[in-house]
Every structure is written in C-alpha cells, then in structure tokens.
Amino acid sequence: MSALIAPIVGGQDADQPYVFMASIQDTGGEHFCGGSLIQTEWILTAAHCVQNNPPGDIKARIGSSEPSRGGEEAAITKIVVHPEFDGAKPGNDIALLKLAKPAAASPIAIRSASIGSATRLLGWGQTCPRLGECGPAAKLQQLDTKLIETAKCLDIDGVLELCTESPGGVAGACFGDSGGPQLVKDPDGWRVVGVTSRSGHDGSICGTGPSIYTNAGAFVDWISQQTV
-12 MSALIAPIVG GQDADQPYVF MASIQDTGGE HFCGGSLIQT EWILTAAHCV QNNPPGDIKA
48 RIGSSEPSRG GEEAAITKIV VHPEFDGAKP GNDIALLKLA KPAAASPIAI RSASIGSATR
108 LLGWGQTCPR LGECGPAAKL QQLDTKLIET AKCLDIDGVL ELCTESPGGV AGACFGDSGG
168 PQLVKDPDGW RVVGVTSRSG HDGSICGTGP SIYTNAGAFV DWISQQTV
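Quick note, the sequence shown lines up with residues -12 to 215 if you use my numbering.
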C-alpha cells in the first residue's frame, strides 16, 4: 500500500465553523489525526490512527478551528477498529471512538457521493509537502477538490474507497490529516462522504497526486451496528 498521509497542502484557513470537526490528540494535547462527530457520543476516524491506542491514551477536541483551544474536550472510553483492517491491503481503514459523555456540538450525517462530485477536505495536517518539514497547522485548513475515477489511484478498493483529485497536482491531504473528513454540501448543509486514509500514488511528497479516502457511505450498516 502507499504511504499513509495525514495536514492539507495547498489549502486555506477554514472560512466557516465546522462544529463536527474533531482533533484526535494524545493526553498532552498533541494533535495526530482528525475525525468527525457523527453521533453525539461517537467520532468517525481512520483505523490506522488509533488501532494500537488504548482509549485512555487519547482525547478529542471538538468544534474548534484550533487544536489547542476552543470547542469542547472529550475523553474517549472505547475504540472500535474495523475488524478487516490490517494496513497491508486496501479497504476498511475506518474506526469509531466513543466519548465519555455526549458532545454539545451537532453531529454531521453520512452520505454517499459519485465520481465527479465536488468535495471539501478538512484537516490540521502539515501544510508543507515533505514529511517533517513543518508541524501540524495551527488553524484548520480546507481544500476544495472532487472525486475522480478509481483507476487514477494506486492500490485502491473501488467499492470501499474514494479516489480524490489533487488540484493542479500541488494540493491535497498530508501527514496529520488522516482520519479527517471529506465533505459534500447539499441543501441541508455539509455531509461526510470520506475519511482521509492515504496517498493514492507512489510518491511520498504530499499534494503531487491523488489521495485515497475511505468511503464512509459503504460502512453505514457497520457503523449502525457498532453504535447502538
């Protein structure tokens, strides 16, 4: 599989509140992945972000554009990693975090999207394209892009994953954006369609090729089973 990716390169500061957006952090408050509040007690994120973490070792900050302040902090009591995720083959890079108590923020709904759909990426990942050249973004970044043909991404599961364009070949998800949402907008507002997973090309420089997102809509039944 391609290298995992995690901030957004070539984006801009968030131009509006995204109250469902979550920063997944260690107990010291260091951001390492993103997530989306999909129910008042559940955050959706990527499996590779949390598969080796005990719940007590992580927390979330929800509803702020800055990972270090604002919004609401939440303790995590349970981590549910998709049982078929192994990190070696495509697909199933999805996980759920249960909060110690219901969040005050409004959750975001999940829906499906088709090739050609305009989407928006959110994340606090690094804004420089090479690993380690800079740290996480101080403010939430957004980037408008679209879904493209599955064949344009390497090592992708065309049913369980989404191939996402790198606008101009210079922008896209990067290290630290993992687990964060890919959004579409309908008349009722933003909806989450994808979860940041990894690079969709064979390069290690962020933004130079397409990105792969877990297809959230393909896991609605699994999510419902875990969150009853």
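The beta-carbon is built from N, C-alpha and C at its ideal position, and this holds for glycine as well.
Computed from a predicted structure; not experimentally measured.
Here DSSP, grouped into helix, strand and coil, assigns Cys20 to strand.
With 16 or more other Cβ atoms inside 10 Å of its own Cβ, Lys46 counts as buried. Rounded to whole angstroms, Asp2 and Glu152 show a C-alpha spacing of 21 Å.
Excluding the 5 residues flanking it on each side, His69 has same chain C-beta neighbours closer than 8 Å at Ala34, Asn79, Asp80, Ile81, Ala82, Phe206 and Trp209, in chain order.
For Ile199 and Leu24, the gap between their C-alpha atoms comes out near 21 Å.
Cβ atoms of Leu170 and Thr114 stay farther apart than 8 Å, at about 19 Å. Assignment of Gln213 by DSSP, reduced to helix, strand and coil, places it in the helix class. DSSP, read as helix, strand or coil, puts Ala34 in helix.
With fewer than 16 neighbouring CB atoms inside 10 Å of its own CB, Thr64 falls in the exposed class.
Only buried fits Gly159, as 16 or more other CB atoms lie within 10 angstroms of its CB. For Pro168, the three-state secondary structure derived from DSSP is strand. By alpha-carbon distance to Ser165, the top candidate from Leu134, Ile102, Pro41 and His18 is His18. Here Gly155 carries a helix assignment [DSSP, helix/strand/coil]. Here Cys140 is near Pro197, since their CB atoms are less than 9 Å apart.
According to the DSSP assignment, Gln113 belongs to no beta strand (DSSP E), since it is labelled neither H nor E.
Residue environment for Ile102: exposed (fewer than 16 other C-beta atoms within 10 angstroms of its C-beta). In the three-state DSSP reduction, Ala92 falls in the coil class, being neither helix nor strand. According to DSSP, residue pairing for Thr195 in a beta bridge does not occur. With fewer than 16 other Cβ atoms from the protein chains shown falling within 10 Å of its own Cβ, Pro41 counts as exposed.
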